[in-house]
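Novice:
Numbering (the working numbering), first residue to last: 9 to 404.
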C-alpha cells in the first residue's frame, strides 16, 4: 500500500513539473512546449484529472498554431490563399446589405465571417488570414472533440488518444483550405448529433462554408445509423472501384446534362484529370494505414463509428489517385486520422499506439525543429526561441 502511495506521489510530482515546464516554455519556446505537452499526454495524463489533459491539449494546439504560423506561406499564397485574401479585401469595404446582395450567397458563412472580422478591427494580410483560419478551425474541432469525440475513449486512454489526434493533424495546413476546414469542423457536430433536427441544423451551417458538406453529410447520414454487415462493404468497395474506373465519363455526362455554372466550376477540374495524381504522399500513406487498421480493427468501435470509418476507408482507397477527390470527399479524416486509428488500436495494442505517437513526434521535431529542406521551412517569420515574452504574437 505504501509503495502504491509512493508511486502516485512520484507521478504527481513528475506531472506537476511537466505542466509547469509546458507553461513556462510556451511564451519563449513553443516547440519545446509542444513536445512536452505531447509527452505529458502520452505518459502522464491518465493518472491526473481530466481537466489537466484538456489544459495541456490546449497548450499543444496553441503551440502547433504558432509553429505552423512561422512559415512564409508562399506556396499557399500562390494558390487558393491569395483568392481568399482578395475576397477579404473586397468585402471589407461593403456594407452588410451589399454583402448579402453580392455573389457569395451560395456559401455565405465564410464571407460573413470575414466581414465580421474586418468590422471588429482585424485588418490582416494573407499569412495572418491563414493563421486566423487555422485558429478558428482548430477551436471548433476542439469543441467537438471534447464534447463528443473523447467520450468514445476509456478514461485511462484519453491522453494518448488526444496526443495521436494532434500529431496526425500536425501535417495539415488548415489555413490553406479556408472554407473546407471550417465546414468540416462544423460537419463533425452534425454527424455526432443523433437528433435529426440538430443534425440538419449543423449540416446547413456547415454548407454555408462549403456546399460540398451538404452532399457529403447526407451520404454519411445514410450509412451512420444502420446495421451493415461485412458482405455489404465488399460489394460497396467493388462498386466504388467500378465508379472510379469510369469517373471521367460520369463527370462528362453530368456536365452535359446539368450545365449549371456552379456544377461546371466544381466538376470541371476533375474532367481534366487523366492520370494518377495525389495531393500529398503522406496523406495517402496515412489513408492506407487507416484503411488497413479499419479492415482488421473496426470491430473494436461503436457501431456509429464503425460504419463511418469503413465508409471513409472504402471511398479513400477506391478514389485515391483522382487528385483532391479522395481527400476532399473524406476531408473529415484530415482531422481524425489519429483519432480513429488510436480508438481502434489502443485497448488491445496500447504499446503500438505509443510507439506510433513517439515516431510521429520524432518526425515532427525533425521537420519543425531542425530541418530546413522543405520548400517553405518553418521559423522564417520569427525564431523558434526568444527571451521576449510571447515574442511571436507581434509577428503573427
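Ideal placement from N, C-alpha and C gives every residue a C-beta, glycine not left out.
Give a yes or no on contact between the region 338-355 and the region 192-200, applying the rule of three or more CB pairs nearer than 8 Å.
Specialist: Yes, since at least three Cβ pairs between the region 338-355 and the region 192-200 fall closer than 8 Å, the two stretches touch.
Novice: If I'm right that residue 169 touches residue 178 with Cβ under 8 Å, what's the distance once you round it to whole angstroms?
Specialist: That belief does not hold up - the Cβ atoms of residue 169 and residue 178 are roughly 15 Å apart, past 8 Å.
Novice: Pick helix, strand or coil for residue 136, following the three-state DSSP scheme.
Specialist: Residue state, collapsed to three classes: helix.
Novice: Can you tell me which of the three DSSP states residue 387 falls into?
Specialist: Residue state, collapsed to three classes: coil.
Novice: If you draw a straight line from the C-alpha of residue 156 to the C-alpha of residue 313, how long is it?
Specialist: Answer to the nearest angstrom: the Cα atoms are 12 Å apart.
Novice: For residue 105, name the three-state secondary structure that DSSP assigns.
Specialist: The answer is helix: DSSP assigns residue 105 an H, G or I state.
Novice: Whole angstroms are fine: how far does the CA of residue 326 sit from the CA of residue 309?
Specialist: In a straight line, the C-alpha of residue 309 is about 23 Å away from that of residue 326.
Novice: Looking at the secondary structure, which residues open and close the alpha helix (DSSP H) in which residue 374 lies?
Specialist: Unbroken run through residue 374: none, as it is neither H nor E.
Novice: Between the region 357-375 and the region 54-61, do at least 3 Cβ pairs fall closer than 8 Å?
Specialist: Verdict: no, contact absent.
Novice: Using 10 angstroms around the beta-carbon of residue 365, count the other beta-carbons present and answer buried if the total reaches 16, otherwise exposed.
Specialist: By the neighbour-count rule (16 or more Cβ atoms within 10 Å), residue 365 is buried.
Novice: So, with DSSP's three-state summary, where would you put residue 35?
Specialist: Reduced to three states, the DSSP call for residue 35 is coil.
Novice: What's the call for residue 307, buried or exposed, on a 16-neighbour Cβ count within 10 Å?
Specialist: Exposed, because fewer than 16 other Cβ atoms sit within 10 Å of the Cβ of residue 307.
Novice: Confirm, please, whether the CB-CB distance from residue 175 to residue 51 is below 8 Å.
Specialist: In this structure, residue 175 does not lie closer than 8 Å to residue 51 by Cβ.
Novice: On the DSSP letters alone, give me the boundaries of the alpha helix (DSSP H) that residue 397 sits inside.
Specialist: Note, residue 397: premise wrong, no alpha helix (DSSP H); not H, not E.
Novice: May I have the straight-line CA-CA distance separating residue 203 from residue 400, to the nearest angstrom?
Specialist: The alpha-carbon atoms of residue 203 and residue 400 are separated by roughly 43 Å.
Novice: Hey, residue 65 and residue 49 are a contact pair by Cβ (cut 8 Å); roughly how many whole angstroms apart?
Specialist: Confirmed, Cβ separation roughly 7 Å.
Novice: Taking the Cβ atom as the reference point for each residue, do residue 117 and residue 213 lie within a distance shorter than 8 Å?
Specialist: Yes, the pair counts as a contact, with Cβ atoms nearer than the cut-off.
Novice: Let's test the definition: count the other Cβ atoms within 10 Å of the Cβ of residue 388 and tell me whether it reaches 16, buried, or not, exposed.
Specialist: Residue 388 comes out exposed.
Novice: Assuming residue 68 is part of the alpha helix (DSSP H), what are its boundary residues?
Specialist: From DSSP, the alpha helix (DSSP H) with residue 68 extends over 58-76.
Novice: Take every Cβ of the region 217-224, pair it with every Cβ of the region 290-298, and state whether three or more of those distances are shorter than 8 Å.
Specialist: Flag = no, the region 217-224 and the region 290-298 do not touch.
Novice: Could you tell me which of 167, 402, 316, 144 sits nearest to residue 234, measuring between CA atoms?
Specialist: Minimum Cα distance to residue 234 is reached at 316.
Novice: Take residue 146 and list the residues in its own chain whose beta-carbon comes closer than 7 Å to its own, dropping the five residues that flank it on each side.
Specialist: If we look at residue 146 and ignore the five residues flanking it on each side, its Cβ neighbours are 69, 73, 182.
Novice: Identify the continuous alpha helix (DSSP H) that holds residue 346 and give its terminal residues.
Specialist: Taken as a continuous stretch (DSSP letters only), the alpha helix (DSSP H) holding residue 346 covers 340-353.
Novice: How many angstroms separate the CA atom of residue 23 from the CA atom of residue 39?
Specialist: Roughly 19 Å separates the two Cα atoms.
Novice: Could you compute how far the alpha carbon of residue 290 sits from the alpha carbon of residue 239?
Specialist: Distance between the alpha carbons of residue 290 and residue 239: 30 Å.
Novice: What span of residues does the alpha helix (DSSP H) with residue 211 cover, start to end?
Specialist: Element bounds for residue 211: 204-215.
Novice: What are the boundary residues of the alpha helix (DSSP H) that residue 173 is part of?
Specialist: Start and end: 166-177.
Novice: Is residue 42 near residue 393, with beta carbons less than 8 Å apart?
Specialist: No, Cβ-Cβ distance for residue 42 and residue 393 is not below 8 Å.
Novice: Would you mind reading off the limits of the alpha helix (DSSP H) that contains residue 131?
Specialist: Careful: residue 131 lies outside any alpha helix (DSSP H) and carries neither H nor E.
Novice: Go to residue 297, then tell me how far its alpha helix (DSSP H) extends in each direction, as first and last residue.
Specialist: Residues 289-305.
Novice: Give the secondary structure of residue 201 by DSSP, where H, G and I count as helix, E and B as strand, and everything else as coil.
Specialist: Coil, per DSSP.
Novice: How should residue 191 be labelled, buried or exposed, when 16 other C-beta atoms within 10 angstroms of its C-beta is the threshold for buried?
Specialist: The residue is buried, with at least 16 neighbouring Cβ atoms inside 10 Å.
Novice: Using CA coordinates, which residue listed in 67, 245, 336 is at the minimum distance from residue 185?
Specialist: Looking at the Cα atoms, 336 is the closest of the given residues.
Novice: Within 10 Å of its beta-carbon, does residue 87 have 16 or more other beta-carbons around it, so buried, or fewer, so exposed?
Specialist: Exposed, by the Cβ-count rule.
Novice: Where residue 120 and residue 224 are concerned, what is the direct C-alpha to C-alpha distance, given to the nearest angstrom?
Specialist: Their Cα atoms are separated by approximately 23 Å.
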